[in-house]
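Peer 1:
There are 2 protein chains.
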Amino acid sequence: MSKNASAINEIQAFLGERLNTSAAVRALHGQNEAHYPEMPPEAVAFPNSTAEVSEIVKICAKHRCPIIPWGTGTSLEGHALPVQGGITVSLQNMSAVLEVLPEDLLAVVQPGLTREALNKDLRATGLFFPVDPGANASLGGMAATRASGTTAVRYGTMKENIRALEVVLADGRIIRTGSRAKKSSTGYDLTKLFVGSEGTLGIITEMTLELQGQPEAIAAAVCDFDDIESAINTVIMAVQMGVPIARMELVDGLSIKAINAYSKLSYPEKPHLFMEFHGSEVAVKDQSETMREISADFQGGDFQWSTRSEERNALWAARHNAYYAMKALYPNKRGMATDVCVPISKLAQAITETIADLDAHGVSGMIIGHAGDGNYHSTLFVDPDQPDELALHLKLAHRMAERGLALGGTVSGEHGIGVGKQKFMAAEHGDAVSVMADIKRSFDPDNIMNPGKLVPMN
Amino acid sequence: MSKNASAINEIQAFLGERLNTSAAVRALHGQNEAHYPEMPPEAVAFPNSTAEVSEIVKICAKHRCPIIPWGTGTSLEGHALPVQGGITVSLQNMSAVLEVLPEDLLAVVQPGLTREALNKDLRATGLFFPVDPGANASLGGMAATRASGTTAVRYGTMKENIRALEVVLADGRIIRTGSRAKKSSTGYDLTKLFVGSEGTLGIITEMTLELQGQPEAIAAAVCDFDDIESAINTVIMAVQMGVPIARMELVDGLSIKAINAYSKLSYPEKPHLFMEFHGSEVAVKDQSETMREISADFQGGDFQWSTRSEERNALWAARHNAYYAMKALYPNKRGMATDVCVPISKLAQAITETIADLDAHGVSGMIIGHAGDGNYHSTLFVDPDQPDELALHLKLAHRMAERGLALGGTVSGEHGIGVGKQKFMAAEHGDAVSVMADIKRSFDPDNIMNPGKLVPMN
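Read top to bottom, the protein sequences are chains A and B. Residue numbering for the first sequence is 1 to 458, as defined by full-length UniProt numbering. Residue numbering for the second sequence is 1 to 458, as defined by full-length UniProt numbering.
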C-alpha cells in the first residue's frame, strides 16, 4: 500500500464517511477557477474541529502524505491543486462565527466561513468585515492568499485585518498567534507570517478578525474620462492628498462595454472611476466634493454622485460582475487573470504599456484596477486546448509581470503565487527566496503542507 | 586569544579607528535608559555602509562573536546591552536619507537616521513620517522594536509604515524584502518578520518608509474628567464610532500634577484626554465636534479646542516631557517603564485595578496611555540599590503584565521584550515560543545576532 493510501485508511478509521474518496467529490476538489488543468486529490477529508485537523495532520506526517487545505476553491493561481498528490482537507464544516466582541470590534471565526456569511451574521451589530475580493471566498482562504480587493485602499488587506490566529502545524501541534490587543511588541509576528503563506506552513483553524463600524453615511460616485491616463492621474492625486476614499476602482472602456452588455447599463464606453465614500454625513460630502474637483482638473466627465443604496448596489454589482461580463463575451474560453501591483507613480506607464503590448498582438485584454493601491488586472481569455493561443497569452501575461517588476512592483498584488507564479519568485525576491525556503524547511521539514506551492524548494 | 578578541582584531584591520575599544566609548554603549545595570561591549564598530556591516558580520560569524546593533540607545528594555559579550555595531554613520519619492509617499533611509532628522529633512516636501514614540529614536531601532506611540491610533505602528527593508543576515548575506508596491501576495512577509525582531534575525541596513501628506488642517483639544473611567469610556466610544482621531492620549491626575510643575502649566489635577485631529478643515471640525459631544456624554469638563500651532506644540511638548516631569519628582531614582496593552473593552478595568494595586502598596505610579490602542504605561521610580524597594517595584510591574495577559492583552504594546520581559514569553505565547525559537535557529544557527534577547533559547 502506498504511503498516501495508508494515511487515507488511517484517517478514514476515525473520520468515517467524512473521509470521501468518491470520484465526484474528488473531481469537485480538483477544479480551479483559472486555466490550470483539473487534478483531483486522492481523498477529501471534512474535519469538524481543530482537534480533528490536528489528528489528520499527525497521520499525514507519519506517512509523509501531502495535505492541501480547501476553502471555497475560488483561488486564481491553482493554490488548492494537489500537484504532488495527497489529501485535500476541506474546511467547509468549520464555518462558524465563534464569538463577536462588539466593544473590541473583533469577531472570532472558523476558516471555512465565507466573507458574505460573516457580514450577514454581523448585520444586527452595526459592524462589518471590510475586505472584499469580489468572490465569496472563505476567510481562511483569503488569509492564506493575503487577499484584498476593492476596499483595501481604505481598510487594508487581510494582513491588516487579522489580529490573531490558531494554526495546526506540520507535526499536528496547535499554536495560537497574536492576542486580542490591538498592537504588541512581544516577539516575531507569526500572525503575519501565516497570512499569505498559502497553506505551506500550517493550516489556519481559527481567526480573530478586526471589524469596522458601519459608516454613518455611504455615497458612491462614477466619473468617465477621455483617456486612461486622466483617470489614473485623478487617482494618484487623490492618494497624494490623502483623501480617505473607501473604494476607487479603475474600469477601462473595453470593460465598460462588457459591463453594459451584461448588466444592461449604458455607461459611456470610456475609462471610468467607480468610487465609494464612507464616514459621517459631513465627511462623505467633503470627500466627494474633493474628488469632484480633482476629477474636473483631469477633464473628467459628468461626476454622478449618489447616496441611494439601490443605485450604489447596482454600481458595485456591475463592478463585481465585470469578470463574468467579460467571460460572457468569450463563452468557450477560460480566464487567465493577471495581478500586477506597482508604485502608484508608475501606474499610468504600466497600464499604457500593457495595453500597447496587447494591441500589438491583436489580443484584447480588459483592464480593471484597484487603482488607489497601484494594483490592476488584465484578464485574458484563452482556449487552453489551442497550444499557440495559450503560449501567446502566457507570454503576454509573463511580460506584464516582468513589466511590474521593472517598475519596482510585484507580480501579485492579491492573488498569490500558487503554482502559476513560482517562476517569478527569484526575479522578485532575489536571495530572500532562499530565506523563505529555510523558513519552509524549519516549519515543514518533510514538505507535506501544500507542497509545490509558493516557495520553489530546489 | 579569545574568539571575540580575534574578531575584534580582524574587524580593526579593515575598519581602522572606526573600531573603537576605548573605555569611554564602550561605557557609552553599555548604558540604557531603564533600570538595567550598565554593561559595556568589548568593542564598538562604526560601519559606513551595508557592505561594511556585511563584512563585520562575516568576521563575527567566523569567530562566533556576538553582535549587538545600536541606534540611539533609547530602548527601555535593555535591547542593546551585550549580555553575552561581543561587539556593538553602531549605525550612527549610516543615517542618510537616500531617496524621497514624493509621488509614491515613500522615503528610503538608513537605519541610524532619527525620526526627527527625517521629518526635518522632509519639511519642504509637505510630507511627514507619522510614527512618534516620544524619544528621538533611530528609525532602525524603532523598526527593530516595532515601536509606535501617540499617533499609532491613526497611522499605525512601525509594522504598518515600512514597505521594504535591506537586511544583513547572520552569515553576512544581504537580502531585500518587500518592494515599492503598496501590497503584495508573493511569499512569506519577511519585512514584517524583521520588524520587531530586535536584531536577533539580522541587521536592518536600509528601510523604505511610508510617508503621509501634511494634513490641510490640524487641531488639538484637551478635556478633563472627574474620574479615569469616564475618560476611558470616552476613548472607547470614539474608537467604536470610528472617529479617525490622530492622537488620543490619557493622562492621569498624578501625571498632570507632575506636568504642571515641570512645564509651568495649570491644568486641573484630574484625568485628562489630550487629542489631535488631522484632515481637511471640514473633517477636523467634524471630528472635534464629535469628540466634544462624546466627552460631554461622559461628563467631561471644559473642551479646550485650538488650531493655533503654538498652543498645540505646547500641549504635545508637555505630554512628551511627561516622563521627565515625573522623573523630576524623583531625582535620585531610575524609571521602570511598564507597557501593557489590552483589548479596549478591558482598558478601564486594567487601569483601575493597577491603580488599586499600587495604592495598596503605597507606591505612586503615574499612568499615561495611548488609550485609543488600549496601551498604557505606569512608570514606577525606584532606587536599584535598595533591594527591597527594587523587589517590590518589580513585583508590581510583574503583576501589571500578568493582569494584561489575564485580560486578553500583551505584556508589551511597543517597548519590546529585550532582556526584561523574556520571562513572560511562555505565558503570552504558549507553544508558539518554540516556533519563534525554531525561526531564530533557522536564521542564526550559532546565536550570534543580539543573543540573549527576545526569544528564550533553552
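Heads up, the beta-carbon is just placed ideally off N, CA and C, and yes, glycines get one too. Note that this is a predicted model, so its numbers are computed, not measured.
Does the stretch 147 to 155 of chain A come within contact of the stretch 385 to 401 of chain B, defined as at least 3 CB pairs closer than 8 angstroms?
Peer 2: no
Peer 1: Got a sec, what are the start and stop residues for the alpha helix (DSSP H) phenylalanine 274(A) sits in?
Peer 2: From DSSP, phenylalanine 274(A) is part of no alpha helix (DSSP H) but of the beta strand (DSSP E) over 272 to 279.
Peer 1: Can you list the residues of chain A that arginine 173(B) reaches, using a CB-CB cut of under 9 angstroms?
Peer 2: Asp431, Ser434 and Val435
Peer 1: Where does the unbroken beta strand (DSSP E) through histidine 377(B) begin, and where does it stop?
Peer 2: In this chain, the beta strand (DSSP E) harbouring histidine 377(B) covers 375 to 382.
Peer 1: Against chain B, with Cβ distances strictly below 8 angstroms, would residue 499(A) count as a contact?
Peer 2: There is simply no residue 499(A) to check, as chain A begins at 1 and stops at 458 in what is shown.
Peer 1: If you measure beta-carbon to beta-carbon, which residues of the stretch 112 to 132 of chain A are closer than 8 angstroms to chain B?
Peer 2: Within the stretch 112 to 132 of chain A, no residue qualifies.
Peer 1: Anything in chain B within Cβ reach of serine 184(A), meaning under 7 angstroms, just list it in chain order.
Peer 2: The answer, in chain order, is Cys341, Thr410, Ser412 and Gly413.
Peer 1: How many angstroms separate the CA atom of tyrosine 323(B) from the CA atom of aspartate 339(B)?
Peer 2: 13 angstroms
Peer 1: Sorted by chain position, which residues of the same chain lie with C-beta nearer than 6 angstroms to leucine 380(B)'s C-beta, five sequence neighbours on each side aside?
Peer 2: Met336, Gly365 and His393
Peer 1: If the cut is a Cβ gap below 7 angstroms, which residues of chain A does aspartate 446(B) touch?
Peer 2: Here the premise fails: no neighbours, minimum Cβ distance about 15 angstroms.
Peer 1: Can you pull the DSSP bridge partners for glutamate 249(B)?
Peer 2: Phe274(B) and His370(B)
Peer 1: Between which residues of its own chain and glycine 404(A) is the CB-CB distance below 8 angstroms, once the five residues before and five after are set aside?
Peer 2: Val340, Cys341, Val342, Ala350, Thr410 and Val411
Peer 1: Would you call aspartate 431(B) buried or exposed, if buried means 16 or more other Cβ atoms sit within 10 Å of its Cβ?
Peer 2: Aspartate 431(B) comes out exposed.
Peer 1: Under 8 angstroms Cβ-Cβ, which residues of chain A neighbour arginine 196(B)?
Peer 2: According to the sequence as given, residue 196(B) is glycine; it is not arginine. The answer, in chain order, is Ser185, Gly187, Tyr188 and Asp189.
Peer 1: In or out: glutamate 77(B) buried (at least 16 other Cβ within 10 Å) or exposed?
Peer 2: Buried.
Peer 1: Measuring alpha carbon to alpha carbon, tell me which of Glu116(A), Phe194(A) and Phe303(A) ends up nearest phenylalanine 225(A).
Peer 2: It is Phe303(A).
Peer 1: Measure from the C-beta of leucine 28(A) to each C-beta in chain B and report whether the shortest distance is under 8 angstroms.
Peer 2: Any Cβ of chain B closer than 8 angstroms to the Cβ of leucine 28(A) would place that residue at the interface, and such an atom is absent.
Peer 1: Between the Cα of threonine 74(A) and those of Gly301(A), Ala144(A), Gly452(A) and Leu118(A), spot the shortest distance and give me the residue it belongs to.
Peer 2: Shortest Cα-Cα distance from threonine 74(A) to any of Gly301(A), Ala144(A), Gly452(A) and Leu118(A) involves Ala144(A).
Peer 1: Measuring straight from C-alpha to C-alpha, what distance separates valine 222(A) and glutamate 293(A)?
Peer 2: Straight-line spacing of the CA atoms in valine 222(A) and glutamate 293(A) works out to 13 angstroms.
Peer 1: Identify the contact partners of aspartate 297(B) in chain A, using a Cβ-Cβ distance below 8 angstroms as the criterion.
Peer 2: Within chain A, no residue comes near aspartate 297(B); the closest Cβ sits about 16 angstroms away, beyond 8 angstroms.
Peer 1: Going by the beta-carbon positions, is the gap between glycine 172(A) and serine 54(A) smaller than 8 angstroms?
Peer 2: Cβ distance < 8 angstroms, so glycine 172(A) and serine 54(A) count as in contact.
Peer 1: Could you list which residues in chain B have their beta carbon closer than 9 angstroms to that of proline 244(A), in chain order?
Peer 2: Residues of chain B passing the Cβ test: Pro244, Gly279 and Ala283.
Peer 1: Output needed for glutamate 353(B): all residues of its chain with C-beta closer than 7 angstroms, excluding positions within five of it in sequence on either side, in chain order.
Peer 2: Arg403
Peer 1: CA-CA distance, asparagine 450(B) and asparagine 375(B)?
Peer 2: Answer to the nearest angstrom: the Cα atoms are 27 angstroms apart.
Peer 1: CA-CA distance, alanine 437(B) and isoleucine 68(A)?
Peer 2: Distance between the alpha carbons of alanine 437(B) and isoleucine 68(A): 26 angstroms.
Peer 1: Starting from the C-beta of aspartate 121(A), find all residues in its chain whose C-beta is less than 6 angstroms away, skip the five residues before and the five after it, and write them out in chain order.
Peer 2: Val97
Peer 1: Can you list, in chain order, the residues of its chain with a C-beta nearer than 6 angstroms to that of threonine 114(A)? Leave out the 5 residues immediately preceding and following it.
Peer 2: Asn136 and Ser138, listed in sequence order.
Peer 1: Using C-beta distances below 6 angstroms, list every residue in its chain close to valine 284(A), excluding the 5 sequence neighbours before and after it, in chain order.
Peer 2: Result list for valine 284(A): Ala217, Ala219 and Phe277, in chain order.
Peer 1: Report the residue ranges of all alpha helix (DSSP H) runs contained in full by the stretch 167 to 198 of chain A; include only those spanning at least 4 residues, in chain order.
Peer 2: 190 to 194
Peer 1: Could you please give the first and the last residue of the uninterrupted alpha helix (DSSP H) stretch that includes methionine 436(B)?
Peer 2: 432 to 443
Peer 1: Any contact of the stretch 9 to 23 of chain A with the stretch 31 to 44 of chain A, i.e. 3+ C-beta pairs under 8 angstroms?
Peer 2: yes
Peer 1: Interface residues of chain B around valine 455(A) at Cβ under 9 angstroms?
Peer 2: Gly187 and Tyr188
Peer 1: Exposed or buried, what is residue 481(A) when buried is set at 16 or more other beta-carbons lying within 10 Å of its beta-carbon?
Peer 2: As shown, chain A starts at 1 and ends at 458. That puts residue 481(A) outside it, with no answer to give.
Peer 1: Classify alanine 348(B): buried if its beta carbon has 16 or more other beta carbons within 10 angstroms, exposed otherwise.
Peer 2: buried
Peer 1: Applying a beta-carbon distance threshold of less than 9 angstroms, which residues of chain B neighbour glycine 301(A)?
Peer 2: Residues of chain B passing the Cβ test: none, with the nearest at roughly 25 angstroms.
Peer 1: Do serine 148(A) and lysine 183(B) come within 8 angstroms of each other at the CB atom, strictly closer than that value?
Peer 2: yes
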